[in-house]
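Peer 1: Those sequence lines, one after another, are chains A and B. Here my numbering is used: the first residue of the first sequence is 49, the next is one more, and so on. Here my numbering is used: the first residue of the second sequence is 49, the next is one more, and so on.
There are 2 protein chains.
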Amino acid sequence: MRVNFSNEDFKVGLATSVVLYGFDGDDLKILIAEKVGEPYSGAKILPSTVVHIDEDPEDVAIELMRRITGSADWPIEILNAFAEVYRNPSGRVVNVAYYGTLQLNEALSEDLLRSEYKWVNVNDIPPLAFDHNKIVDYSRERLKRRVKRRPIGFSLLPKEFTMNQIQRLYECALGRDLDKRNFRRKLLKSELLLETDHFVRSSAKARRPSALYKFDEKKYRSLTLRGYDFVYQ
Amino acid sequence: MRVNFSNEDFKVGLATSVVLYGFDGDDLKILIAEKVGEPYSGAKILPSTVVHIDEDPEDVAIELMRRITGSADWPIEILNAFAEVYRNPSGRVVNVAYYGTLQLNEALSEDLLRSEYKWVNVNDIPPLAFDHNKIVDYSRERLKRRVKRRPIGFSLLPKEFTMNQIQRLYECALGRDLDKRNFRRKLLKSELLLETDHFVRSSAKARRPSALYKFDEKKYRSLTLRGYDFVYQ
DNA sequence: AATACTTAGTGTGAAATTAACACTAAGTTC
DNA sequence: GAACTTAGTGTTAATTTCACACTAAGTATT
Chain A
49 MRVNFSNEDF KVGLATSVVL YGFDGDDLKI LIAEKVGEPY SGAKILPSTV VHIDEDPEDV
109 AIELMRRITG SADWPIEILN AFAEVYRNPS GRVVNVAYYG TLQLNEALSE DLLRSEYKWV
169 NVNDIPPLAF DHNKIVDYSR ERLKRRVKRR PIGFSLLPKE FTMNQIQRLY ECALGRDLDK
229 RNFRRKLLKS ELLLETDHFV RSSAKARRPS ALYKFDEKKY RSLTLRGYDF VYQ
Chain B
49 MRVNFSNEDF KVGLATSVVL YGFDGDDLKI LIAEKVGEPY SGAKILPSTV VHIDEDPEDV
109 AIELMRRITG SADWPIEILN AFAEVYRNPS GRVVNVAYYG TLQLNEALSE DLLRSEYKWV
169 NVNDIPPLAF DHNKIVDYSR ERLKRRVKRR PIGFSLLPKE FTMNQIQRLY ECALGRDLDK
229 RNFRRKLLKS ELLLETDHFV RSSAKARRPS ALYKFDEKKY RSLTLRGYDF VYQ
């Protein structure tokens, strides 16, 4: 079998986009940017950047995430190559897309307030340039599957969280309501959660404070590495 | 956000490789080719080809499959982009890989005997050039997941097949033994199988012939389209 | 015709998991 | 201390999963 490239074949450009998920306690959100410069100036897009000829798309995606969020330590995973022939006036571009999950804390929110990035509810994604809506849809399917099989949700939660928060996160990711009692039972049985002795008021109106949990990092890591069936089909 | 390409960035080559799965009744196999021409002449590789600047990798992969097997109608699915920076002396190449499942019938086997392609047992894959072993591993994981969630296995079986054959296929794909009684029960309950009134002898020594089943195409298609939880976690 | 041989095909019960369901507990505010 | 709001808790029935071993059918051999 012969696989011969001619000079004409080396004219593709590489880009990477990242779908960055955050959870504010009520809703699952992703980061959207506004494009500057032609083509599609002013259009909404996923955070994206060029991958230069000597770069690994994953490294570039991680660096992009660091530039946006200030940290490169959020988990990131490849989604796919989006390689359809679409017209970008400058030439053909293949997009290697990633998705990541991060803890949407206040500091991060404030930093981003003064930036070109906006958190958008996943149920309310505007039309995006290129095929970026396709990438978002793809990442949501992936997140849904991951959440079912692995305790990946934790990377979206703050260090300490209430049962209601994590349940709400699962509901957002899966797109359906879950039974409170069954959810708690299932989660506690996994033994991934550690009770803390902290409590919070969930809202101004709330009377009884709710207990805060954190997760058992060691157990979490070992379960994340090997393929463990977590909660919810 | 600014995403600017310079001319220097449009120097990537695109290739596609396909992992084509076949099942001969006993073992799950994939097609391996031998590379002609530098680099890596003589090395084993996945069936691969250049994607020209104006082509969609999926179309190219389908055409490649047609060239090899004589038919473009086998199901094919994208795996991923394998985009690490590895040295191909002619330039940087990003590989968009696919996997497909086909019915390994006798006609096809004979055609391929006189070709450069060889069926290789999935448990016995030789070292391949580039990062093709990585692609194969990735495709096996994918197949494993698919087989668990969808009745995808059928595309690997002949029109009519025995319970033992389909069980063996599942065992190969999942890499573990399954209980005969439980397997049959589960599969029959799915109502995807139609009994035929045909029988075969499974081997020369076998005495009692086994019943042949086919699958209910309509039901199969509807279950394949929506996300249906099939057999085996 | 009887026997031996080989693979096909079948059922049951225990254990675990899932799913549905509604009330009491705790703490705050008025 | 009463009212309010959200937190937190148990049980039961239905379903699914898993482990396990014998009989049935047809062919070949004598």
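For glycine and all other residues, C-beta sits at the position ideal for the given N, C-alpha and C. Computed from a predicted model, the values in this text were never measured in an experiment.
1. What residue range does the beta strand (DSSP E) around A/Ser65 cover?
2. Just checking, does the region 54-63 of chain B make contact with the region 133-144 of chain B on the three C-beta pairs under 8 Å criterion?
3. Let me check understanding here. Comparing Cα to Cα, which of A/Pro199, A/Gly118, A/Ala109 lies closest to A/Ser157?
4. For B/Ala177, does the three-state DSSP call read helix, strand or coil?
5. Does the Cβ-Cβ distance between A/Val51 and A/Val184 come in under 7 Å?
6. Going by the CB atoms, is the gap between A/Ile93 and A/Pro180 shorter than 7 Å?
7. Mapping DSSP to helix, strand and coil, what is A/Phe247?
8. Do B/Ile126 and B/Tyr146 have their CB atoms nearer than 7 Å?
9. Does the region 155-174 of chain A touch the region 71-87 of chain A, meaning 3 or more C-beta pairs lie closer than 8 Å?
10. A/Pro123 CB to nearest chain B CB: under 7 Å?
11. Does any C-beta atom of chain A lie closer than 7 Å to the C-beta of B/Val60?
12. Which word fits A/Arg255, buried or exposed, when buried means at least 16 other C-beta atoms lie within 10 angstroms of its C-beta?
13. Figure out for me which residue from A/Val168, A/Glu189, A/Asn153, A/Ala131 has the closest Cα to the Cα of B/Asp102.
14. To the nearest angstrom, how far is it from the Cα of B/Arg84 to the Cα of A/Phe58?
15. Beta carbons nearer than 7 Å to chain A: which residues of the region 84-95 of chain B have them?
16. Of all the alpha helix (DSSP H) runs that stay within the bounds of the region 201-235 of chain A, which reach a length of 4 or more residues?
17. Which residues bound the beta strand (DSSP E) around B/Arg140?
18. For A/Phe247, does the count of other Cβ atoms within 10 angstroms reach 16, so buried, or fall short, so exposed?
19. Within 10 Å of its beta-carbon, does B/Arg224 have 16 or more other beta-carbons around it, so buried, or fewer, so exposed?
20. Can you tell me the Cβ-Cβ gap for B/Tyr261 and B/Phe209, rounded? I've got them flagged as a contact below 8 Å.
21. Can you list, in chain order, the residues of its chain with a C-beta nearer than 7 Å to that of A/Gln213? Leave out the 5 residues immediately preceding and following it.
22. For B/Arg114, which three-state DSSP category applies?
23. In chain A, what lies closer than 9 Å to B/Glu283 by C-beta?
Peer 2: In short:
1. Here residue 65 of chain A refers to the residue found at position 17 when the first sequence is read from its first residue. Start and end: 61-71.
2. yes
3. Locating residue 157 of chain A in the first sequence gives position 109, counting from the first residue. Taking only the C-alpha atoms, the option nearest A/Ser157 is A/Gly118.
4. For the purposes of this step, residue 177 of chain B is identified with residue 129 of the second sequence, where counting begins at 1. In the structure shown, B/Ala177 sits in coil (DSSP, three-state: anything other than H, G, I, E or B).
5. On the first sequence, residue 51 of chain A is found 3 positions in, with the first residue counted as 1. On the first sequence, residue 184 of chain A is found 136 positions in, with the first residue counted as 1. Not closer than 7 Å, so no.
6. Within the first sequence, numbered from 1, the residue matching residue 180 of chain A stands at position 132. Within the first sequence, numbered from 1, the residue matching residue 93 of chain A stands at position 45. According to the sequence provided, residue 180 of chain A is His. The question's Pro does not apply to it. Against a cut-off of 7 Å, the Cβ pair of A/Ile93 and A/His180 comes out as a contact.
7. Along the first sequence, one-based indexing puts residue 247 of chain A at 199. Strand at A/Phe247.
8. Translated into the one-based positions of the second sequence, residue 126 of chain B becomes position 78. Translated into the one-based positions of the second sequence, residue 146 of chain B becomes position 98. Their beta carbons are under 7 Å apart, which means B/Ile126 touches B/Tyr146 by this criterion.
9. yes
10. Residue numbering aside, residue 123 of chain A sits at position 75 when the first sequence is read from its first letter. So, not an interface residue.
11. For the purposes of this step, residue 60 of chain B is taken as the residue at position 12 of the second sequence. Interface residue, yes.
12. For the purposes of this step, residue 255 of chain A is identified with residue 207 of the first sequence, where counting begins at 1. A/Arg255 is exposed by the Cβ-count criterion.
13. Residue 102 of chain B sits at position 54 when you count from the first residue of the second sequence. Measuring from the Cα of B/Asp102, the nearest candidate turns out to be A/Ala131.
14. Translated into the one-based positions of the second sequence, residue 84 of chain B becomes position 36. Translated into the one-based positions of the first sequence, residue 58 of chain A becomes position 10. For the sequence presented, residue 84 of chain B should be read as Val rather than Arg. B/Val84 and A/Phe58: Cα-Cα distance of roughly 20 Å.
15. Val84, Gly85, Ile93, Pro95
16. 211-222
17. Numbered from its first residue, the second sequence carries residue 140 of chain B at position 92. It spans 140-149 - the beta strand (DSSP E) in which B/Arg140 sits, taken as one unbroken run.
18. For the purposes of this step, residue 247 of chain A is taken as residue 199 along the first sequence, with counting starting at 1. Exposed, by the Cβ-count rule.
19. Numbered from its first residue, the second sequence carries residue 224 of chain B at position 176. Exposed, since its Cβ has fewer than 16 Cβ neighbours within 10 Å.
20. Here the question's residue 261 of chain B lines up with position 213 in the second sequence. Here the question's residue 209 of chain B lines up with position 161 in the second sequence. Indeed they touch by this definition, with Cβ atoms about 6 Å apart.
21. Numbered from 1 along the first sequence, position 165 holds the residue referred to as residue 213 of chain A. Once the five neighbours on either side are set aside, the close Cβ partners of A/Gln213 are Gly73, Leu205.
22. The residue labelled residue 114 of chain B in the question sits at position 66 within the second sequence. DSSP places B/Arg114 in helix when its eight states are reduced to three.
23. Nothing can be reported for residue 283 of chain B: it is not among the residues displayed for chain B, which extend from 49 to 281.
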